[in-house]
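Inspection log for the structure reproduced underneath, given as structure tokens.
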Amino acid sequence: MHDAKPGTLWVVATPIGHLDDLSPRAVATLREVALIAAEDTRHSRALLARHGIATPTTALHEHNEREAAAALLARLAAGDSVALISDAGTPLVSDPGYRLVRAARAAGIRVSPVPGACAAIAALSVAGLPSDRFVFEGFLPAKAPARRTRLAELAAEPRTLVFYESSHRVAESLADMRDAFGAAREAVLARELTKLYETVLAASLGDLAERVARDPDQQRGEFVLLVAGRGEEADARVEEGRRVFALLREELPPAKAAKLAAAISGAPRRLLYGESGE
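Note that UniProt numbering gives residue 80 to position 80 of the sequence shown, counting from 1, and the numbers run on in steps of one.
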């Protein structure tokens, strides 16, 4: 075995789309371990076959991780090497595996990464947004009230925000981001990275939300959404929003005043409405 050591848990990154993005070291490791723990063994079959990997596989996903981890730990303790892969990208990044890795480390078993693709980092590298400091938020809550609450909590975050989103919620999430962060906030939609229909769109949240809402093609595939942090320009919009809201509040109900003030200034509507105390 050229690299993998008996009794080691290898955390192996796999491609996020293009099957040729699997590194030579990852191919060698997956061929030489005793067992591959895959999020979905059927999904991984095409990748493994493409690279001539015939290693046995077993399923480890969010619904069976507790039970599967115990069996894998027993194999590792007996001296077998095991590779952990997810459906795409780096395991544990919005994917299962945390419990297995934590338990292996607690048991004194060596855990070693074989790095590679990660959708969040790939998107950040081409977004053109500040990347020296960023916040990875993964998937937002599926239900609208919880999602909007979380976005309101992030409205003042100064670092670039990185989200994952599914095809059936991307339009709703962009609309909620527009409302929470302001229509003028700079953002990027990265869709189907490294795949045939790869798309990277950079625009204001208002423009992105409108484009995706009216274009069904931009609602298909896998998404990374990136939003610029709140900077000095955003601070100025919030101050203007507060000024406009205060004037409108004298004549209109708080909700309507906040909606109009946000549209005029680009300030987050929920921030203005929350400050009304009603």
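Cβ atoms here follow ideal geometry from the backbone N, Cα and C, with glycine treated the same way. Every value quoted in this text rests on a predicted model; they were computed, and no experiment measured them.
Exercise. Can you list the beta strand (DSSP E) stretches of 3 or more residues lying completely in the region 63 to 88, in chain order?
Worked result: Counting only runs of 3 or more, we get 82 to 85.
Problem set entry | Whether Val101 touches Ala119 by CB criterion (9 Å) | With respect to Ala119, Val101 sits apart: the two C-beta atoms are not nearer than 9 Å.
Exercise. Does the Cβ of Ala257 lie closer than 8 Å to at least one heavy atom of the ligand FMN?
Worked result: Ligands are entirely absent from the displayed structure, and the ligand FMN is therefore not among its contents.
Problem set entry | Endpoints, alpha helix (DSSP H) assigned at Ile264 | Pro254 to Ser265 is the extent of the alpha helix (DSSP H) around Ile264.
Exercise. With contact counted as at least three CB pairs below 8 Å, one residue from each stretch, are the region 165 to 180 and the region 139 to 146 in contact?
Worked result: Yes, the region 165 to 180 touches the region 139 to 146.
Exercise. Are the Cβ atoms of Val11 and Val114 separated by less than 9 Å?
Worked result: With contacts defined as CB atoms closer than 9 Å, Val11 and Val114 qualify as a contacting pair.
Problem set entry | C-alpha gap between Asp40 and Ala69, whole angstroms | Between the alpha carbons of Asp40 and Ala69 lies a distance of about 15 Å.
Exercise. Going along the chain, which unbroken runs of the beta strand (DSSP E) with 3 or more residues stay wholly within the region 91 to 139?
Worked result: Qualifying beta strand (DSSP E) stretches, in chain order: 110 to 114 and 134 to 139.
Problem set entry | Beta-carbon proximity list for Ala263, same chain, < 6 Å, skipping 5 on both sides | Counting only Cβ-Cβ distances below 6 Å, and skipping sequence neighbours, we find nothing.
Problem set entry | Selected residue, minimal CA-CA separation from Ala202, among Ala184, Pro56 and Asp217 | Comparing Cα positions, the closest option is Ala184.
Exercise. Using the rule of at least 16 other Cβ atoms within 10 Å of the residue's Cβ for burial, across every protein chain shown, is Pro15 buried or exposed?
Worked result: It is buried - the Cβ of Pro15 has at least 16 other Cβ atoms within 10 Å.
Problem set entry | Inter-residue Cα distance where the pair is Leu151 and Gly7 | Near 43 Å, if we compare the C-alpha coordinates of Gly7 and Leu151.
Problem set entry | For Thr55, the three-state DSSP class (helix, strand or coil) | In the structure shown, Thr55 sits in coil (DSSP, three-state: anything other than H, G, I, E or B).
For this session: Assign Glu165 to one of three DSSP states: helix, strand, or coil.
Result: When secondary structure is reduced to three states using DSSP, Glu165 falls in the strand class.
Exercise. Pick from Asp95, Glu32, Leu189 and Ile121: whose alpha carbon is nearest that of Ala54?
Worked result: That would be Glu32, whose Cα lies nearest to the Cα of Ala54.
For this session: Return the CA-CA distance between Thr199 and Val224, expressed in angstroms with no decimal places.
Result: Going by the C-alpha atoms only, they are around 11 Å apart.
Problem set entry | First and last residue of the uninterrupted beta strand (DSSP E) at Arg191 | Unbroken beta strand (DSSP E) run through Arg191: Glu186 to Arg191.
Exercise. Excluding the five sequence neighbours on either side, which residues of its own chain have a C-beta within less than 8 Å of the C-beta of His2, listed in chain order?
Worked result: The predicted position of His2 is uncertain, since its pLDDT is 47 and thus under 50; no value can be drawn from it.
Exercise. Val227 by DSSP, collapsed to three states: which one?
Worked result: In the three-state scheme derived from DSSP, where H, G and I count as helix and E and B as strand, Val227 is classed as strand.
Problem set entry | CB-CB length for Leu84 against Ala37, believed under 8 Å | Contact check for Leu84 and Ala37: beta-carbon distance about 5 Å, within the 8 Å limit, so the pair qualifies.
For this session: State the beta-bridge partners of Thr149 as determined by DSSP.
Result: Answer is none; Thr149 lacks a bridge partner.
Exercise. Is Arg242 near Ala209, with beta carbons less than 9 Å apart?
Worked result: No. Outside cutoff.
For this session: Determine the direct distance from the alpha carbon of Ala46 to that of Glu186, and round the result to whole angstroms.
Result: Annotation: Glu186 to Ala46 spans about 38 Å, alpha carbon to alpha carbon.
Exercise. Between the C-alpha atoms of Ala156 and Arg211, what's the straight-line distance to the nearest angstrom?
Worked result: A direct Cα-Cα distance of roughly 25 Å separates Ala156 from Arg211.
Problem set entry | Bounding residues of the beta strand (DSSP E) (the contiguous stretch that carries Thr8) | Taken as a continuous stretch (DSSP letters only), the beta strand (DSSP E) holding Thr8 covers Thr8 to Val12.
Problem set entry | DSSP beta-bridge partners of Ile36 | Answer by DSSP bridge pairing, in chain order: Thr57 and Ala83.
Exercise. Who are the Cβ neighbours of Ala117 in its own chain at under 6 Å, not counting the five residues just before and after it?
Worked result: Around Ala117: Ala13, Pro15, Ile16, Asp21 and Gly89.
Problem set entry | Neighbourhood of Leu260 by C-beta, 6 Å cutoff - its chain only, sequence neighbours within 5 removed | Taken in chain order, the residues that qualify are Leu248.
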